[in-house]
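Chains as they are written, first to last, in my numbering: chain A, 1 to 259; chain B, 1001 to 1259.
Beta carbons are placed, not taken as given, at the ideal position from N, Cα and C, and that holds for glycine.
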């Protein structure tokens, strides 16, 4: 069976059994998600940061303190069911394990955060090419000069991802992504990186650069790296995320977030 | 100047100066909101309850612990700017003051929660009559047999408000309210109160009954009483809400929540 045709539960079981791979293209039609796990004492600030900055921080679900499963991963275990994790102590990455059971504590709260895979699939279905997918890399992402609304100890800049879109398809790209308001939604900016404080599109802060061809317009979407970067800047004693591109495959269908 | 034409800041100043009145119809075009204030130790559970139950609990803003103003009430003071409050100790109402300065503590967190006034105005503009407004009462509200997703110590039933709509206008009512997803949005149910566990529409749990005339269909929307009722059932040491119908008039325009 192709990885695209696997169910989310089948994919999670493979990762639990030790398979390590980026998850792009797996379990087509199902929502993939970022992971942010912090101790309970930081959890209110994280949830409030997300409430105040919903475009970059679309919370799909929150597990109770100590809980390792939930409706988005029925029968699953958040400690083993992603292919790879990133573990941070005092804001510095200390490990990238394929299983976080040894780090687990009863006071850890898991945040499941929407990512752009869902709207990228919708853009592709509409015939809009995504440059970084065509070249097999991560989207270029940039710290902007726009500050998020802080919450308690958590603050940071809005991080955006950029996709070059043919001028004739920009309106379609806006319209299509606006139908997924809880998965980053419509772009935050179209066309002028300078207004976002981005000096050079060729040097992204995260991911890889992509070529912007003649007749293409750079379009910027709020990015799920925003909350991760802000949380890490607050230097929590322990925090765990997914490793880049190694996402949680949830049981939620992309279509359930279409409005 | 008519109360309808007042700005939100002018209205809040009048209430701060001692005027006591229900706020329906005041400052037309601006969002009115419910209030839930709890100590910081309960705040994560309240915010998580709202995240898990967004239809009945549309959070418009959260003030930092101890903070008494914010962008939704620029220059205002949450302790004085509503015409009347309800104060609860251990889940029991103990007072209904017009000013809560004497109860204020530095650990209190204010939640500003959307209400149905915005979509009711949009329904009326579309020529749909609202029975309880025509008869000058509060909407009839019912505890349903649907349980909300609990969060920590907070749990309770979904509470719905009911508006009888002419059968020919039900689709319009659904369509119009669906454009306000962060202010309760589309109905949760159309037509059959029994399926919600409502035995008798003539005996609402909150508000007043309205007549359902021949050819009208009872339509049910998620109601902002839901979080208030659930929070009070958890018997927080102190909680403060708005008095029924005596809302916070915010600086946000109704149109800013239209999608």
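Taking the alpha-carbon of residue i as reference, which of the options has the nearest alpha-carbon?
i, options, result
"residue 248(A)", "77(A), 186(A), 120(A), 46(A)", "77(A)"
"residue 1195(B)", "1059(B), 1081(B), 1207(B), 1145(B)", "1145(B)"
"residue 1202(B)", "1139(B), 1052(B), 1125(B), 1069(B)", "1139(B)"
"residue 264(A)", "197(A), 21(A), 37(A), 199(A)", "Outside the shown range of chain A, which is 1 to 259, sits residue 264(A), and nothing can be said about it."
"residue 1160(B)", "1223(B), 1071(B), 1129(B)", "1223(B)"
"residue 1017(B)", "1039(B), 1081(B), 1005(B)", "1081(B)"
"residue 31(A)", "19(A), 43(A), 8(A), 41(A)", "8(A)"
"residue 216(A)", "119(A), 170(A), 6(A)", "170(A)"
"residue 243(A)", "254(A), 70(A), 37(A), 68(A)", "37(A)"
"residue 234(A)", "157(A), 123(A), 246(A), 137(A)", "157(A)"
"residue 1001(B)", "1023(B), 1027(B), 1015(B), 1019(B)", "1027(B)"
"residue 1091(B)", "1105(B), 1227(B), 1025(B)", "1227(B)"
"residue 221(A)", "42(A), 115(A), 125(A), 133(A)", "115(A)"
"residue 1067(B)", "1131(B), 1127(B), 1110(B), 1130(B)", "1110(B)"
"residue 108(A)", "56(A), 206(A), 119(A), 41(A)", "41(A)"
"residue 1186(B)", "1120(B), 1168(B), 1137(B), 1241(B)", "1120(B)"
"residue 181(A)", "100(A), 141(A), 65(A), 58(A)", "58(A)"
"residue 1122(B)", "1025(B), 1010(B), 1005(B)", "1025(B)"
"residue 240(A)", "79(A), 6(A), 168(A), 75(A)", "79(A)"
"residue 1147(B)", "1135(B), 1052(B), 1074(B), 1191(B)", "1052(B)"
"residue 1155(B)", "1198(B), 1229(B), 1004(B)", "1229(B)"
"residue 1193(B)", "1238(B), 1141(B), 1003(B)", "1141(B)"
"residue 100(A)", "75(A), 191(A), 238(A)", "238(A)"
"residue 267(A)", "35(A), 105(A), 225(A)", "Because chain A is modelled from 1 through 259, residue 267(A) falls outside the range shown and cannot be assessed."
"residue 11(A)", "136(A), 168(A), 75(A)", "75(A)"
Helix, strand or coil for residue i, going by three-state DSSP, please let me know.
i, result
"residue 241(A)", "strand"
"residue 1162(B)", "strand"
"residue 30(A)", "strand"
"residue 1114(B)", "strand"
"residue 80(A)", "coil"
"residue 127(A)", "coil"
"residue 1193(B)", "helix"
"residue 145(A)", "strand"
"residue 1093(B)", "strand"
"residue 1039(B)", "strand"
"residue 1259(B)", "coil"
"residue 1251(B)", "strand"
"residue 222(A)", "strand"
"residue 54(A)", "coil"
"residue 22(A)", "coil"
"residue 133(A)", "helix"
"residue 1262(B)", "The question about residue 1262(B) has no answer here: the residues shown for chain B are numbered 1001 through 1259."
"residue 88(A)", "strand"
"residue 1151(B)", "strand"
"residue 1157(B)", "strand"
"residue 1183(B)", "coil"
"residue 212(A)", "coil"
"residue 176(A)", "helix"
"residue 188(A)", "coil"
Does the separation of the CB atoms of residue i and residue j fall below 9 angstroms?
i, j, result
"residue 1088(B)", "residue 1236(B)", "yes"
"residue 1254(B)", "residue 1061(B)", "no"
"residue 1189(B)", "residue 1219(B)", "yes"
"residue 1257(B)", "residue 1183(B)", "yes"
"residue 1044(B)", "residue 44(A)", "yes"
"residue 1072(B)", "residue 1250(B)", "yes"
"residue 1130(B)", "residue 1033(B)", "no"
"residue 200(A)", "residue 143(A)", "no"
"residue 128(A)", "residue 172(A)", "yes"
"residue 1245(B)", "residue 1023(B)", "yes"
"residue 6(A)", "residue 19(A)", "no"
"residue 106(A)", "residue 65(A)", "yes"
Please report whether the beta-carbon of residue i lies at a distance below 9 angstroms from any beta-carbon of chain D.
i, result
"residue 52(A)", "Structure shown: chain D not included; protein chains present are A and B."
Exercise for the section: Spell out a yes or no on whether the segment 1040-1057 of chain B and the segment 1139-1157 of chain B are touching, meaning 3 or more CB-CB pairs, one atom from each, closer than 8 angstroms. Expected result: yes
Problem - Given 8 angstroms, three or more beta-carbon pairs between the segment 156-165 of chain A and the segment 210-221 of chain A - result: yes
Handout entry: Residues of the segment 170-181 of chain A whose Cβ lies closer than 9 angstroms to any Cβ of chain B, in chain order
Key = 178, 181
Exercise for the section: Check each residue of the segment 17-47 of chain A: if its Cβ is closer than 7 angstroms to any Cβ of chain B, include it; give the result in chain order. Expected result: 43, 44, 47
Problem - Given 8 angstroms, three or more beta-carbon pairs between the segment 1174-1194 of chain B and the segment 1093-1108 of chain B - result: no
Problem - Within 9 angstroms of chain B by C-beta, residues of the segment 55-76 of chain A in sequence order - result: 59, 61, 62, 64, 65, 71
Practice task
Scan the segment 1181-1210 of chain B for residues whose Cβ lies nearer than 8 angstroms to a Cβ of chain A and list them as they occur along the chain.
Solution key: 1181
Handout entry: Cβ-based contacts, 9 angstroms cut-off: residues of the segment 96-119 of chain A near chain B
Key = 109
Exercise for the section: Give the residues from the segment 248-259 of chain A that approach chain B closer than 8 angstroms (Cβ to any Cβ), ordered along the chain. Expected result: 259
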